[in-house]
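To keep things clear, I will list the structure first and then write my remarks on it.
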Amino acid sequence: MRILFVGDVVAPQGCEHLRRVLPAFKKMQNIDFCIVNGENSAQGNGILPGSCDHILDSGADLITTGNHALKRVEIEKYFENENIPVIRPLNFHRSAPGKGYYVLERKGMRLGVINLMGRIYMDACENPFDEADRILSELNSQGIKNILIDFHGEATSEKRVMGFYLDGKVSAVLGTHTHIQTSDAQILPQGTAYITDTGMTGVINSVLGVEIGCATKKVITGLPIHFKNPEGECQMDCVIVETDNKTGRAVSIERFNIQ
Ligand SMILES: [Fe+2]
Ligand SMILES: [Fe+2]
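Mapped onto the numbering used here, the consecutive letters of the sequence shown carry residue numbers 1143 to 1401.
This is the structure we're talking about:
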């Protein structure tokens, strides 16, 4: 099974770039399932029905999110609709709308996708390790072997711990949230594909997708600043994970920056 996973799409600029490059890249790479993190795809922040539809129409089979999932109230009805493939972190408080995992099916293949959020330098949420154990036993009881985790977190240590914690239990643990692609893509000893952060789909000359002047003012002054998204050349940061469909073990992980 060949899985394409795309890092956080930022703003309409990132959405437009995704539409430009994703269809051809998917075809060229013979992709079976495409998952895109869309938590920052709306203008401003968060995800809106329009940006969600745009990502799905561009070729994503499923959208994962993160700490910005519920920033915009308009998206709540999408999270609550079982038929719309968009998920939020599983370990959000139980009162949160939406679902934290999703099972994709195609050509007799099944892929379980779980969205989790870290707790170090992040807003409060339930324990992601306990939540992973709970949902994995449910997916295992359904006979699902291929399982991908989008682990949305800030601290590299917490992400690597999650990778080793789930090594051999899932096909891939892929980090999101920092918007900077890390160079540590590897297959862990028990057969789980891992990367600390997949990166971002958005404007290259920016600070994580934010206009440089705004980000600079924010960092230097510490004052509240209204963020703007700049125009400019974009890239789509992503990884392709190939698994043995029968066992769910990862065969390879390769990272890309598509301009
Ligand atoms: Fe993000
Ligand atoms: Fe985030």
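Just so you know, even glycine gets a beta-carbon here, dropped at the ideal spot from N, CA and C. Since this is a predicted model, take the numbers as computed values, not measurements.
Contact test: residue i Cβ vs ligand 3 heavy atom, cutoff 8 Å
i: T1318; result: Inclusion of ligand 3 in the displayed structure is not the case, the ligand content consisting of ligand 1 and ligand 2 alone.
Nonlocal neighbours in the same chain, by C-beta distance under 8 Å from residue i, ignoring five residues either side
i: G1260; result: P1270, F1293, H1294, G1295, E1296, A1297, E1300, K1301, M1304 and H1319
Environment of residue i [buried if 16+ CB atoms lie within 10 Å]
i: Q1332; result: exposed
i: Q1284; result: exposed
i: M1170; result: exposed
i: H1321; result: buried
i: K1168; result: buried
i: Y1263; result: exposed
i: T1206; result: buried
i: T1358; result: exposed
i: A1166; result: exposed
i: S1325; result: exposed
i: N1233; result: buried
i: V1215; result: exposed
i: A1266; result: exposed
i: N1209; result: buried
Beta-carbon contacts of residue i that lie in its chain and below 6 Å, excluding the five residues immediately before and after
i: Q1095; result: For residue 1095 there is no data in the structure shown, the boundaries of the chain being 1143 and 1401.
i: H1196; result: C1157
i: P1154; result: Q1185
i: S1348; result: P1372
Distance between beta carbons of residue j and residue i, contact taken as under 8 Å
i: V1381; j: L1316; result: 6 Å
i: T1343; j: G1149; result: 6 Å
i: G1341; j: D1309; result: Actually they do not touch by this definition, with Cβ atoms about 22 Å apart.
i: L1146; j: C1176; result: 5 Å
i: P1227; j: L1204; result: 4 Å
i: S1200; j: L1164; result: 5 Å
Proximity below 9 Å, CB of residue i to CB of residue j
i: A1202; j: G1180; result: yes
i: G1242; j: L1212; result: no
i: L1258; j: A1274; result: yes
i: T1385; j: A1314; result: yes
i: V1151; j: N1172; result: no
i: S1394; j: I1354; result: no
i: D1174; j: M1251; result: yes
i: V1352; j: K1370; result: yes
i: L1281; j: M1143; result: no
i: I1229; j: V1255; result: yes
Nonlocal neighbours in the same chain, by C-beta distance under 7 Å from residue i, ignoring five residues either side
i: K1311; result: L1278
i: L1350; result: H1321 and M1342
i: A1184; result: L1190, S1193 and R1214
i: I1367; result: C1356, K1359 and K1360
Are there three or more Cβ pairs, one per stretch, closer than 8 Å when the region 1276-1290 is compared with the region 1387-1397? yes
Does the structure place the region 1358-1375 close enough to the region 1147-1163 that three or more beta carbon pairs sit under 8 Å? yes
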